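Trainee: In case it helps, the UniProt record's numbering puts the sequence shown at residues 1 to 338.
Virtual Cβ for every residue (Gly too), placed ideally from N, Cα, C.
Bear in mind that the values here come from a model prediction, so they are computed numbers and not experimental data.
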Amino acid sequence: MVETIAYGLDPQSPPFVGRPIPEVVQRLQELGCRGVFLKRLEQPWVEGLRAAGLRVYASCAIFLGSPELWQEMPAARPITDNGDPAPAEEWYYPALPTLPALRAARLERVEELARTLPLDGIWLDFIRWPARWERSTPRLYHTSFDPVTLAQFQQDTGIHLPPDTDTAVAAARWILNHAAEAWFGWRCRQIVSFVAEAARILHQLQPEALLGLFLVPWTGGPEDDLPMADAHIRIVGQDPRLLGQVADVLSPMVYHHLCGRSPSWAGQVTARVAAQANCAVWPVVEAIPGPAHQYPAAEFAQACASAATAGRQGLIVFNLAGLLEDPHKAAIWQELTQ
Numbered sequence: 001m002v003e004t005i006a007y008g009l010d011p012q013s014p015p016f017v018g019r020p021i022p023e024v025v026q027r028l029q030e031l032g033c034r035g036v037f038l039k040r041l042e043q044p045w046v047e048g049l050r051a052a053g054l055r056v057y058a059s060c061a062i063f064l065g066s067p068e069l070w071q072e073m074p075a076a077r078p079i080t081d082n083g084d085p086a087p088a089e090e091w092y093y094p095a096l097p098t099l100p101a102l103r104a105a106r107l108e109r110v111e112e113l114a115r116t117l118p119l120d121g122i123w124l125d126f127i128r129w130p131a132r133w134e135r136s137t138p139r140l141y142h143t144s145f146d147p148v149t150l151a152q153f154q155q156d157t158g159i160h161l162p163p164d165t166d167t168a169v170a171a172a173r174w175i176l177n178h179a180a181e182a183w184f185g186w187r188c189r190q191i192v193s194f195v196a197e198a199a200r201i202l203h204q205l206q207p208e209a210l211l212g213l214f215l216v217p218w219t220g221g222p223e224d225d226l227p228m229a230d231a232h233i234r235i236v237g238q239d240p241r242l243l244g245q246v247a248d249v250l251s252p253m254v255y256h257h258l259c260g261r262s263p264s265w266a267g268q269v270t271a272r273v274a275a276q277a278n279c280a281v282w283p284v285v286e287a288i289p290g291p292a293h294q295y296p297a298a299e300f301a302q303a304c305a306s307a308a309t310a311g312r313q314g315l316i317v318f319n320l321a322g323l324l325e326d327p328h329k330a331a332i333w334q335e336l337t338q
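#1: Output needed for Ile-5: all residues of its chain with C-beta closer than 6 Å, excluding positions within five of it in sequence on either side, in chain order.
#2: Which word fits Glu-335, buried or exposed, when buried means at least 16 other C-beta atoms lie within 10 angstroms of its C-beta?
#3: Nearest-angstrom Cα distance between Gln-268 and Phe-300?
#4: Straight-line CA distance for residue 341 to Thr-157?
#5: Can you give the Cα-Cα distance for residue 412 and Pro-20, rounded to whole angstroms?
#6: At what residue ranges does the stretch 91-149 contain a whole run of the beta strand (DSSP E), taking only runs of 3 or more?
#7: Below 8 Å, can you find three or more Cβ-Cβ pairs linking the stretch 22-32 to the stretch 97-108?
#8: Between which two residues does the beta strand (DSSP E) carrying Gly-322 extend?
#9: Hey, how far is the Cα of Phe-63 from the Cα of Ala-229?
#10: Can you say whether Pro-296 is buried or exposed, counting buried as having 16 or more other CB atoms within 10 angstroms of its CB?
#11: Rounded to the nearest angstrom, how far is the Cβ of Ala-266 from that of Val-236, given a contact under 8 Å?
#12: Buried or exposed: which applies to Thr-149, given that a residue is buried once 16 or more other Cβ atoms fall within 10 Å of its Cβ?
#13: Which two residues bound the contiguous alpha helix (DSSP H) that contains Leu-243?
#14: DSSP three-state label for Cys-304, please.
#15: Terminal residues of the continuous alpha helix (DSSP H) containing Pro-44?
#16: Since Glu-197 contacts Arg-132 with CB under 8 Å, what's their CB separation in whole angstroms?
#17: So the candidates are Leu-323, Gln-26, Trp-123 and Pro-44; which of them puts its Cα closest to the Cα of Leu-213?
#18: Residues in its own chain within less than 7 Å of Ala-171 by CB, not counting five upstream and five downstream?
#19: Let's test the definition: count the other Cβ atoms within 10 Å of the Cβ of Pro-67 and tell me whether it reaches 16, buried, or not, exposed.
#20: So, at 6 Å on beta carbons, what are the nonlocal neighbours of Glu-314 in its own chain, with the 5 sequence-adjacent residues on each side left out?
#21: Short of 6 Å in beta carbon distance, which residues of its chain neighbour His-328, apart from the five on each side in sequence? Order them along the chain.
#22: Quick one: give me the first and last residue of the beta strand (DSSP E) that Phe-214 is part of.
#23: For Gly-121 versus Ala-247, is the C-beta distance shorter than 7 Å?
#24: Would you mind listing the beta strand (DSSP E) stretches within the stretch 245-297 that are 3+ residues and don't spill past its ends, in chain order?
#25: Does the distance from the CB of Asp-10 to the CB of Lys-39 come in under 7 Å?
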């Protein structure tokens, strides 16, 4: 049976505000949810939901910045191959995966969650190099050609840049022309090493908890339909073959409507990830609240069916508010557990 999980339970928002935990659990179970990602990670709610039979998961944003982070830690802003700081795109502020201080801070957050809350799992979000991918034609750019990243790349690989590559543009041009495959592989390993350490921390404190990852829905297959081949490796640095060796669950975010794809695309992406990764695969389907994000319930049913069939063991919906907003989608979700 598919493990059906809803993302974004907020006990302080309708229709749950003011309701006791047993009533909340009853409503979620009637909806067909076997687990939830809890928005407000408060101990009474974590313990109460789990005691009532729901699995409780947390998500942790890793390489996601903010205006405040960029101001307080300027080195956290990646540098593109044209020498410019990586752009903010709407709400998305990229952050540098190689910066030691940032990596340490994010691992501390993982440890804090694992040490203080009895969770069924922690999912790492934004565990990648920069891209604002949630659109049909995302902006693709190479990163990061900052001093920290370039120095670490040379130290780890033994590949040394020529003396005339003293600018980000020159360094990027030389690397992409002369050491591209080494560069792309090394970038993937920076993500893998963080995941491995997060998994070690979590499993040391909570051996039964799952370490999951949210993946950009790019796989290197024809379903990517992008102007660059292997963008999952070359742009975001997420290699399912490597990540599946250190994580318990991979969750490709198969948001077909946001990405301008067909519902069957959700299954195609999930199947390719499952073929590459030696771990559980719980895809994430899309039910976002608000008029701008509405699409036919029949498409939701197709996306759920194709993703669940291609995945392994679980299916996540993003998010609970969007599911509750549309009774037709809610009924479809409920049928998954019948």
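Mentor: On the basis of the supplied data:
#1: The residues are Gly-35 and Ile-316.
#2: Here Glu-335 is exposed, its C-beta having fewer than 16 other C-beta atoms within 10 Å.
#3: Approximately 15 Å, taken between the alpha carbons.
#4: Residue 341 lies beyond the range of the chain shown here (1 to 338); nothing can be said about it.
#5: A question about residue 412 goes unanswered here, because the residues of the chain that appear run from 1 up to 338.
#6: Counting whole runs of 3 or more residues, the stretch 91-149 contains the beta strand (DSSP E) stretches 121-125.
#7: Touching, no.
#8: Unbroken run through Gly-322 is the alpha helix (DSSP H), 320-325; no beta strand (DSSP E).
#9: Spanning the two alpha carbons is a distance of roughly 23 Å.
#10: Counting Cβ neighbours within 10 Å, Pro-296 comes out exposed, since fewer than 16 surround it.
#11: Actually they are not in contact, since the Cβ atoms of Ala-266 and Val-236 sit about 19 Å apart, beyond 8 Å.
#12: Counting the other Cβ atoms within 10 Å of the Cβ of Thr-149 gives 16 or more, which makes it buried.
#13: Bounds of the alpha helix (DSSP H) holding Leu-243 are 240-243.
#14: Reduced to three states, the DSSP call for Cys-304 is helix.
#15: Run containing Pro-44: 43-51, per the alpha helix (DSSP H) assignment.
#16: No, Glu-197 and Arg-132 are not in contact; Cβ-Cβ is about 26 Å, not under 8 Å.
#17: The candidate whose alpha carbon is nearest that of Leu-213 is Trp-123.
#18: Within the same chain, Cβ atoms closer than 7 Å to the Cβ of Ala-171 are found at Phe-145, Leu-150, Leu-161 and Thr-165, the five residues on either side in sequence being excluded.
#19: Exposed, since its Cβ has fewer than 16 Cβ neighbours within 10 Å.
#20: First, the residue type needs correcting, since residue 314 is Gly and not Glu in the sequence shown. Around Gly-314: Glu-3 and Trp-282.
#21: Correct list, in chain order: Ala-297.
#22: Phe-214 -> beta strand (DSSP E) spans 210-215.
#23: In this structure, the beta-carbon distance from Gly-121 to Ala-247 does not fall below 7 Å.
#24: Listed in chain order, they are 249-252 and 284-286.
#25: A contact, by the Cβ cut-off of 7 Å.
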